[in-house]
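Below is one structure, written out as structure tokens, with a few remarks after it.
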Amino acid sequence: MYRKMLALFLAAVMTALWAVPAAAAEGMTLTADCCETEVDGKIRLSWTAPGADYVKVRMVKAGKGEMAEPDARKRPVSKKDFAVTMREEGVFTIVAEAYRGDRVFSSRSVRVTVSSGLERVLSQGMDNIWKIRVIICRSVRLPGYQRSFTQAQVNHIRNLLSLLPGTLFNLSDGRMCAVVTDVTELTEPVTSVSGDCGDLVPEKDFPLSQTLTDDTTLLAVYAPLENHPKTDWLGLGGYTHTYRGQTFYMAEFSSAFAAPESGRWERNGIRYDLGTCALVHEILHAVELNSRNNGWGGFEMLHDAGPNGYDDQKAFMDWYGDLMTDRLKNGKAGFRAVSFYVKHDPGMRARAGNP
Ligand SMILES: [Zn+2]
């Protein structure tokens, strides 16, 4: 009995020793460069599958099952730096299977956790409350061009601003909160337009000192500049300005949006004035920039309403709302919750931007 066991033991050891080189020859490896990322982050895989004909890579989401990406194409048996883009939050298992013929003979897997990025921005002290400050330059006196807002126009602008927080909250399904912290009317006329885009530059073209608190997220400026030869814009947005170490987003509006014009723009049974469309539009340019600063740049561009099937001008508010809630009709990506989070720590906001 004892001898028999010894013989079996020796046989097992011999088999193991003999099997080692063969197993090594067929030993599949799979490594990932990391096991945690944020939505739209990439996981880089490397594998070797000696003795295989090809490798397939699959991805399974915990609680959901097989994912479309990566697909089940035949991959080489040895691969370095195969990037997989993680498009959703969740816990995923990425499986590499080595095939010989049409049979799997070896597989390896890695587990990856994908987060939304919200925890990160929260840990940085960000929130989704935009503090919006407004300056209304009541008159412009430029060479050969003199315009002033009427009291009715100023009243209309103030009315639009009073509706703005509710509008942004509704359109975004609560993702974006805004507070209009102050509306300042400047009576001293604007006498210069210094910006390259015919925009008004704070401090150069109108004073700032009295009108800004430390945690302004966005400064909106209204001026009666419609039809001025240097200012061929109706609204501007998506850029920043830095004042005394504090960087904030900016938006500017000409008098084109100072007269009531309603009835054409509607979403969920709510009608919006043209001036509100303009406010939302320019603020969303700031959201685009802010979203990139927060790590999410994969959204459809604000100006691409048409290519995304929102052709009609009447659909503008639907486009804005669908973009803000990430529910585009064609299934493409809009903003994410993280897009709306802003810092209230003045010097930290990003400075670069596109007009
Ligand atoms: Zn625009």
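Start counting the sequence shown at 1370; every next residue gets the next number (my numbering). C-beta atoms are modelled at their ideal positions from N, C-alpha and C, and glycine is treated no differently. Only a predicted model underlies this, so the values are computations on that prediction, with no experimental measurement involved.
The alpha helix (DSSP H) spanning residue i covers which residue range?
| i | result |
| --- | --- |
| F1538 | Q1520 to L1540 |
| W1634 | Counting along the chain, W1634 falls outside any alpha helix (DSSP H), though it belongs to the beta strand (DSSP E) covering W1634 to R1636. |
| G1459 | Where G1459 is concerned, there is no enclosing alpha helix (DSSP H), although the beta strand (DSSP E) it sits in stretches over G1459 to R1469. |
| S1492 | L1487 to S1492 |
List the DSSP bridge partners of residue i.
| i | result |
| --- | --- |
| Q1515 | R1510 |
| Y1679 | Bridge partners of Y1679: none, in fact. |
| E1621 | V1590 and L1605 |
| V1479 | I1463 |
| G1434 | K1430 |
| W1499 | A1547 |
| H1713 | H1713 is not bridged to any residue. |
| T1585 | According to DSSP, T1585 bridges with nothing at all. |
| H1610 | F1617 |
| K1553 | Strictly speaking, residue 1553 in this sequence is Thr, with Lys absent from that position. T1553 pairs with I1504. |
| V1562 | According to DSSP, which records beta bridges pairwise, V1562 is partnered with nothing at all. |
| K1425 | E1466 |
Does DSSP put residue i in a helix, in a strand, or in coil?
| i | result |
| --- | --- |
| E1572 | coil |
| A1706 | helix |
| W1688 | helix |
| T1694 | helix |
| F1668 | coil |
| S1484 | strand |
| F1474 | strand |
| A1391 | Since pLDDT at A1391 reaches only 39, below the 50 mark, its modelled position is unreliable, and the value read off the structure follows with that caveat. It is helical. |
Heavy atom of ligand 2 less than 7 Å from the Cβ of residue i, yes or no?
| i | result |
| --- | --- |
| L1671 | Annotation note on ligand 2: not contained in the displayed structure, which lists ligand 1 as its ligands. |
Can the beta-carbon of residue i be found less than 8 Å from the beta-carbon of residue j?
| i | j | result |
| --- | --- | --- |
| H1597 | L1511 | yes |
| T1585 | R1502 | yes |
| G1606 | F1626 | no |
| R1413 | V1426 | no |
| V1429 | E1458 | no |
| T1454 | S1478 | no |
| T1609 | V1562 | no |
| V1559 | C1506 | yes |
| F1704 | M1693 | yes |
| V1446 | V1424 | yes |
| V1711 | G1664 | no |
| R1636 | G1675 | no |
| P1576 | S1624 | no |
| L1643 | W1634 | yes |
| E1621 | V1590 | yes |
| P1534 | V1523 | no |
| W1602 | M1545 | no |
| D1440 | G1667 | no |
| C1404 | R1472 | no |
| D1422 | R1469 | yes |
| P1571 | Y1514 | no |
| L1653 | F1617 | no |
Output the boundary residues of the beta strand (DSSP E) element that contains residue i.
| i | result |
| --- | --- |
| L1399 | T1398 to A1401 |
| V1656 | Careful: V1656 lies outside any beta strand (DSSP E), inside the alpha helix (DSSP H) at L1643 to N1662. |
| F1727 | Because the chain is modelled from 1370 through 1724, residue 1727 falls outside the range shown and cannot be assessed. |
| E1407 | E1405 to E1407 |
| R1444 | Counting along the chain, R1444 falls outside any beta strand (DSSP E), and DSSP gives it neither H nor E. |
| K1411 | K1411 to T1417 |
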